[in-house]
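S.K.: Sharing a structure with you now.
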Amino acid sequence: MSVLYLSVRYLGIFFAVLNILINVPTILLTDAGCWILYIVINWMFVVGFPMLRIIMITRLYAMYQQSRKILIFLVVIFLADTTFNVVISVMSTMHTSGEEYILSGTYECATTYGDNTILLNSLTWIFASVFEAIALFLAVWIAIKHFRELRQHSTGGVIEDCFMVLIKSHVFYFLSFVAVSCFNLMILSPAISVNPNIIGIDFYYGTLQVLTTVQMFVLGPRLILGVRDFNAKLVTDSDAATNMTSIAFQERVHISTGGGV
934 MSVLYLSVRY LGIFFAVLNI LINVPTILLT DAGCWILYIV INWMFVVGFP MLRIIMITRL
994 YAMYQQSRKI LIFLVVIFLA DTTFNVVISV MSTMHTSGEE YILSGTYECA TTYGDNTILL
1054 NSLTWIFASV FEAIALFLAV WIAIKHFREL RQHSTGGVIE DCFMVLIKSH VFYFLSFVAV
1114 SCFNLMILSP AISVNPNIIG IDFYYGTLQV LTTVQMFVLG PRLILGVRDF NAKLVTDSDA
1174 ATNMTSIAFQ ERVHISTGGG V
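Laid out in structure tokens, this is it:
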């Protein structure tokens, strides 16, 4: 998990640097350079999303007490979604070109998409949203099930607090993913797809890039930290319970010894 955490974080730094290169108007790039940067950024999504999916599958596999059925179910969905993303990315690479424009002494990279390329890229976000919705449903379902079972035991409060650590990070990540997906799907709007150079579109794409970076490379790795917080809280609560039991035992021994004298 540590390798995944570091990989996603450093991938995010690389992603941010490439977006700066392709969007800063004072940086000169050739037509080929614009196309290469677009392709690299596009394939970074193909690499980054499977990493986040593996993190999510690992969390759910642990929450479901290493259930083989839930693992197979999630892996099948993961492979289908990843395969679809790879196919769409290959098609996008083949039917996309980049061009450098010089406007009033500034440089701007423009991307020319092939037929239905934008629509196909939006479909990848739709399928990804379905995966995230299923993952959230499974997480909430098992959490509610555990809460009901643990309320019947005296230690239920401790375990409930630990599960809340996982659920909160999961819900927060899901909401951020929904926000980014909505921004990506809004690209299909005629106001954006037909007139990509109107005033305000640059601000829209800039906001989308910032939200995407935060969602994938900041909140995504936080899912791993949520698991660590979960384990740390379990250990802390277990140690606290052990200490309280030891103190109570020592008090009973002292009282019984004093009563004997």
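For the sequence shown, the numbering used here assigns the number 934 to the initial residue and increments by one for each residue that follows. From the three backbone atoms N, C-alpha and C, an ideal C-beta is built for every residue, glycine too. The model shown is predicted, which means the values in this text are computed figures rather than measured ones.
Given Leu1004, which residues of its chain have a CB within under 6 Å of its CB, disregarding the five upstream and five downstream residues?
M.R.: The sequence position of residue 1004 within the sequence shown is 71, counting from 1. Counting only Cβ-Cβ distances below 6 Å, and skipping sequence neighbours, we find Tyr994.
S.K.: From Ser1062 to Thr963, what does the alpha carbon distance come to, in whole angstroms?
M.R.: Position 129 of the sequence shown, counted from the start, is the residue given in the question as residue 1062. Position 30 of the sequence shown, counted from the start, is the residue given in the question as residue 963. Approximately 35 Å between the Cα atoms of the pair.
S.K.: Under 8 Å: do the stretch 943-959 and the stretch 1148-1157 share three or more Cβ pairs, one atom per stretch?
M.R.: Result yes; three or more Cβ-Cβ pairs closer than 8 Å.
S.K.: Can we say the stretch 1074-1082 touches the stretch 959-973, given the rule of at least three CB pairs closer than 8 Å?
M.R.: At 8 Å Cβ cutoff, the stretches do not touch.
S.K.: If you drop the 5 nearest sequence neighbours on each side, which residues of the same chain put their C-beta closer than 7 Å to that of Gly981?
M.R.: Taking the first residue of the sequence shown as 1, we reach residue 981 at position 48. Val941, Leu944 and Met1149.
S.K.: Among Leu1071, Ile1021 and Phe1064, which residue has its Cα nearest to the Cα of Asp1048?
M.R.: Position 115 of the sequence shown, counted from the first residue, corresponds to residue 1048. The candidate whose alpha carbon is nearest that of Asp1048 is Ile1021.
S.K.: Rounding to the nearest angstrom, what Cα-Cα distance links Tyr1106 and Leu954 in this structure?
M.R.: Residue mapping note: residue 1106 aligns to position 173 of the sequence shown, counting from 1. Residue mapping note: residue 954 aligns to position 21 of the sequence shown, counting from 1. Roughly 28 Å between the two C-alpha positions.
S.K.: If you run the structure through DSSP and keep just helix, strand and coil, what is Ser1000?
M.R.: Along the sequence shown, one-based indexing puts residue 1000 at 67. Correct three-state label for Ser1000: coil.
S.K.: Out of Leu1158, Ile1067 and Cys1115, state which residue places its alpha-carbon closest to the alpha-carbon of Leu1144.
M.R.: Along the sequence shown, one-based indexing puts residue 1144 at 211. Minimum Cα distance to Leu1144 is reached at Cys1115.
S.K.: As a quick exercise: from Val936, Val1104 and Asn1054, pick the residue whose alpha carbon is nearest that of Trp1074.
M.R.: As a working note, residue 1074 is residue 141 in the sequence shown. Of Val936, Val1104 and Asn1054, the residue nearest in Cα terms is Val1104.
S.K.: Return the chain-ordered list of same chain residues with a C-beta closer than 6 Å to the C-beta of Glu1207, the five sequence neighbours on each side being excluded.
M.R.: Outside the shown range of the chain, which is 934 to 1194, sits residue 1207, and nothing can be said about it.
S.K.: How about Ile988 and Ile1100: are their beta carbons less than 8 Å apart?
M.R.: Taking the first residue of the sequence shown as position 1, residue 988 is located at position 55. Taking the first residue of the sequence shown as position 1, residue 1100 is located at position 167. For Ile988 and Ile1100, no; Cβs fall outside 8 Å.
S.K.: Helix, strand or coil for Thr959 per DSSP?
M.R.: Taking the first residue of the sequence shown as position 1, residue 959 is located at position 26. Here Thr959 sits in coil by DSSP.
S.K.: Of all the options Val1113, Pro1154, Phe1006 and Thr1015, which has the alpha carbon lying nearest to the alpha carbon of Leu929?
M.R.: Only positions 934 to 1194 of the chain appear in the structure, and residue 929 is not among them; the question remains open.
S.K.: I think Asn952 touches Ile974, with their Cβ atoms under 8 Å apart; what is that distance to the nearest whole Å?
M.R.: Position 19 of the sequence shown, counted from the start, is the residue given in the question as residue 952. Position 41 of the sequence shown, counted from the start, is the residue given in the question as residue 974. About 7 Å separates the two Cβ atoms, so the contact holds.
S.K.: Going by the beta-carbon positions, is the gap between Thr1050 and Phe1017 smaller than 8 Å?
M.R.: Residue 1050 sits at position 117 when you count from the first residue of the sequence shown. Residue 1017 sits at position 84 when you count from the first residue of the sequence shown. Result no, Cβ atoms of Thr1050 and Phe1017 do not sit closer than 8 Å.
S.K.: Quick one: is Ser935 buried, meaning 16 or more other Cβ sit within 10 Å of its Cβ, or exposed?
M.R.: As a first step, residue 935 is located in the sequence shown; it is residue number 2 there, counting from the start. When all chains shown are included, Ser935 counts as exposed.
S.K.: Pull up the CB-CB distance for Ile917 and Ile1067, whole angstroms please, since I reckon it's below 8 Å.
M.R.: This structure does not reach residue 917, given that the chain is present from 934 up to 1194, and the question cannot be answered.
S.K.: Does the beta-carbon distance from Ser1030 to Leu1053 come in below 8 Å?
M.R.: The residue you call residue 1030 lines up with position 97 of the sequence shown. The residue you call residue 1053 lines up with position 120 of the sequence shown. No; because the gap between Cβ atoms is not below 8 Å, this pair is not in contact.
S.K.: Candidates Met996, Met984 and Leu1118: which alpha carbon is nearest Lys1078's?
M.R.: As a first step, residue 1078 is located in the sequence shown; it is residue number 145 there, counting from the start. Closest by alpha carbon: Met996.
S.K.: May I ask you to report which of helix, strand or coil DSSP gives Asn975?
M.R.: The sequence position of residue 975 within the sequence shown is 42, counting from 1. It is helical.
S.K.: Determine the DSSP secondary structure at Asp1048, reduced to helix, strand or coil.
M.R.: Within the sequence shown, numbered from 1, the residue matching residue 1048 stands at position 115. The answer is coil: DSSP assigns Asp1048 none of H, G, I, E or B.
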